[in-house]
Amino acid sequence: MKLVRTIHELRQALEPLRHGSEIGLVPTMGAFHEGHLALFRTARDECDFVVVSLFVNPAQFDAADLDRYPRDEERDGRLAADAGADVVFAPPPGEMYPPGYQTWVEVEQLGSILEGQFRPGHFRGVATVCLKLFNIVRPSRAYFGQKDAQQVAVVRRMVCDLDLDLNLELRVLPTVRDRDGLALSSRNVLLLPEERERALALPRALATKDPERARELLSGLDVEYVEVAEFEPRVLVAAIRVGSTRLIDNVVLDGEAK
Ligand code: PAF
């Protein structure tokens, strides 16, 4: 596996594959868990060449959240290599947003509800970095987790609205959960044991697939929203805060993904 830091190096590595090879892209922010590894392994099975991007995108965080986000690039590199990545693209922030940078992608309606309401600007950062990564890598398939259902909806809308859909398939894989039901997230390591216990109310509430019942089961916790969202597929989504950690999760109400 090759580690590359610059767009130029990545383009050079991909140049010989441009004709006839299927390139898979797994966009990530590192701090890998089994959910990421499932994306890498599927990309490995389905594509000739797998690029994992590892970039904690400052444009999608507020400053305090950005500082707290877990990072362990050495461990991530090993895990990505073991799961079959060919290249890990880990640029410094200045490579993605050089001085003078001023172009942003805004998915207006889908980007401003739910997560967008509680994290203003978040999806502008996500859509922008995803479009940049799609332009740099030009993958045949890009891999995302259903855990971030709204992110998938936003990226799908952008791909359609900006006419990228002829060349790019979005692959969305089911949420991976711990044995106790908690959806895997890089932020779970920030939970204290007692907070983790309280966080289990989230998957339990969502498992009812009933917004009223879910709200009842979450009462007493710091709940930001519990709503049915008309994404594809339709989901019951929720966000809560446990201590200083924010957790999101969803269950599919119809369709095939879990
Ligand atoms: O889900 C994530 O890890 C990020 O939002 C993504 C898609 C890598 C964009 O920074």
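Note that our numbering has the sequence shown beginning at 3, numbered continuously upward.
Note that CB positions come from ideal geometry on N, CA and C, so glycine has one too.
A quick note: this is a predicted structure, and the numbers were derived from the prediction, not measured.
Rounded C-alpha distance that separates residue i from residue j
i	j	result
E232	V161	18 Å
A185	E214	21 Å
G113	L164	15 Å
A66	L204	24 Å
P18	Y227	47 Å
D212	E110	28 Å
A155	E234	7 Å
H38	R179	12 Å
A151	A15	32 Å
R20	T210	47 Å
E97	L208	39 Å
A85	E196	32 Å
N190	R80	20 Å
Pair within 8 Å by beta-carbon distance, residue i and residue j
i	j	result
P176	L27	no
M31	A83	no
R143	E171	yes
I242	V225	yes
K149	S187	yes
L238	L219	no
D1	S23	The structure shown has nothing for residue 1, since the chain only spans 3 to 260.
F42	D78	no
Residue i, buried or exposed, once every other Cβ within 10 Å from all chains shown has been counted against 16
i	result
S55	buried
S221	exposed
Q104	exposed
N137	exposed
G147	buried
V52	buried
T44	buried
N169	exposed
R121	buried
L194	exposed
Q119	exposed
E36	exposed
D167	exposed
Chain C within 8 Å of residue i, Cβ atoms only
i	result
L27	In the displayed structure, chain C is absent; only one protein chain is listed.
Problem - Segment contact flag, the region 46-60 with the region 119-136, C-beta cutoff 8 Å, min 3 pairs - result: Between the region 46-60 and the region 119-136 there are three or more inter-stretch CB-CB distances shorter than 8 Å, so the stretches are counted as touching.
Exercise for the section: Closer than 6 Å is what we want: which residues have a beta carbon that near any heavy atom of the ligand PAF? List them in chain order. Expected result: Screening all residues for a C-beta within a distance smaller than 6 Å of any heavy atom in the ligand PAF leaves P29, T30, M31, N59, Q62, V128, V131, C132, D150 and Q153, in chain order.
Problem - At least 3 beta-carbon pairs within less than 8 Å: the region 188-205 vs the region 87-102 - result: no
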